[in-house]
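Protein chains in written order, with the working numbering: chain A, 10 to 195; chain B, 10 to 195. Idealized CB from N, CA, C, for every residue including glycine. Below you'll find the structure, written out as structure tokens, and then a few comments.
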DNA sequence: GTCTATATTAAGATAGAC
DNA sequence: GTCTATCTTAATATAGAC
């Protein structure tokens, strides 16, 4: 047995799930080993930087997913309201209908490598910018569009907290349903 | 030296600050020891149950603070709008103007004792109920009042995430400023 | 590319002196 | 009531066999 027991994609998905569930400090190499079926030494072979390396790779993967699936959808030439509806569907899938936490929330808790937090900050700024842009396209003034973008993401993040604590996906679903009215004018 | 080097209140405040900053998994007894000036064995003397015990005590303290400072204010006979303004001021202080994270958010991440999560869930339900009650008092229908309460807390929690990630207290301040309009009718 | 084995440090926790 | 000292387990990390 000399070749990969688990694909890079599977390893990524497993690590993402662990980090967004337990946080940086809550994920040990032992836990990663148990979840992936790879021994710790094998994880170091794939990620020489160890846990920091894996966490940064996960964060980078999420940033890439947002670029391809959220920001790209917002740059299409569909009507703004259609674009936002598409984004809401993709966010619903990404957050497991409200059962999965936001990796930006979880990994922004101090403890992990500093680069991680810097990357998440940049990603969040990009997300706000992308939402503000679609709101402006739909006819809002620049300052109102920016406020609505902040409000939309604030409500998504907040509703995910409520969903986690209350063990009820309702708040998240309601936040997503409001997205079109929040980010588009009529 | 046979007597208390640090008061229970000081120990509580220090532990609260550590847990809301680093999360359950991110707080070690070493860290608590360094921050309080007490050796680990002394922490065990005060909290025989160790870290779990301290975390549960912190959560209980916060629940008590909310009862005395938030829920109590909402039960006074001031006009609803005045009550909400008072609550906003107290929440601003509690969250350090947006610089401090929500203990409910942080301690709801899996890893700590189960009782912790159950207590936080009950506390959050009580918070929603208290906000819904003041909204209803101000003239809203029961379902709308409940929706507004959920929205208000969702935005507070979400804005605290944004504030932490963006290193900018603006979102939190804006969320608080909106509270009166959100929870009262005129 | 993955494994077993091991080194090293830090974690949670307790015993017993003062 | 706090301390030093110690135990046990689990953490990150590496060496070297296959």
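- With a cutoff of 9 Å on beta-carbon distance, residue 164 of chain A and residue 133 of chain A are scored as not near each other.
- Residue range 49-55 is occupied by the alpha helix (DSSP H) that includes residue 51 of chain A.
- The beta-bridge partner set that DSSP reports for residue 121 of chain A consists of A/119.
- Under a criterion of Cβ atoms nearer than 7 Å, the residues of chain A adjacent to residue 174 of chain B are, in order, 113, 117, 129, 130, 133.
- Contact between the stretch 64-78 of chain B and the stretch 60-77 of chain A is absent: fewer than three C-beta pairs spanning the two stretches fall below 8 Å.
- Looking from the CA of residue 136 of chain A, the closest CA among A/49, A/27, A/79, A/46 belongs to A/79.
- For the stretch 15-38 of chain B, the set of residues with a beta-carbon nearer than 7 Å to any beta-carbon of chain A comprises 30, 31, 32, 34, 35, in chain order.
- Chain-order list of chain A residues neighbouring residue 184 of chain B: 163, by C-beta distance under 8 Å.
- Taking a Cβ-Cβ cut-off of 7 Å, residue 124 of chain B has no neighbours in chain A, whose nearest Cβ is about 14 Å from it.
- At a beta-carbon threshold of 8 Å, the residues of chain B lying near residue 170 of chain A are 111, 113, 114, 117, 163, 166, 167, 170, ordered along the chain.
- Cβ neighbours of residue 112 of chain B within its own chain (closer than 6 Å, five residues either side excluded): 29, 71.
- Between residue 76 of chain B and residue 96 of chain B, the alpha-carbon positions lie close to 12 Å from each other.
- At a cut-off of 3 residues, not a single continuous stretch assigned as beta strand (DSSP E) sits fully inside the stretch 54-121 of chain A.
- The shortest CA-to-CA distance from residue 81 of chain B to any of B/153, B/12, B/143 is the one to B/143.
- Minimum Cα-Cα distance from residue 125 of chain A among the listed residues B/45, B/195, B/175, B/23 corresponds to B/175.
- In this structure the stretch 168-187 of chain A does not lie against the stretch 182-190 of chain B, because fewer than three pairs of beta carbons, one per stretch, are closer than 8 Å.
- Closest option to residue 178 of chain A, judged by alpha-carbon separation, among A/25, A/159, A/104: A/104.
- Residue 138 of chain A is classed as exposed because its beta carbon has fewer than 16 other beta carbons within 10 Å across all chains shown.
- For residue 180 of chain A, the nearest beta carbon of chain B is closer than 9 Å to its own beta carbon.
- Using a Cβ-Cβ cut-off of 9 Å, residue 120 of chain A counts as an interface residue toward chain B, since at least one Cβ of chain B sits closer than that to its own.
- In the displayed model, residue 34 of chain B falls within a helix according to three-state DSSP.
- If you draw a straight line from the Cα of residue 43 of chain B to the Cα of residue 131 of chain B, it is about 32 Å long.
- Taking 9 Å as the threshold, the shortest C-beta distance from residue 159 of chain A to chain B falls below it.
- Take residue 59 of chain B, set aside five residues on each side of it, and the residues of its chain with a beta-carbon closer than 8 Å to its own are 38, 52, 53, in chain order.
- A direct Cα-to-Cα measurement between residue 56 of chain B and residue 180 of chain A gives close to 36 Å.
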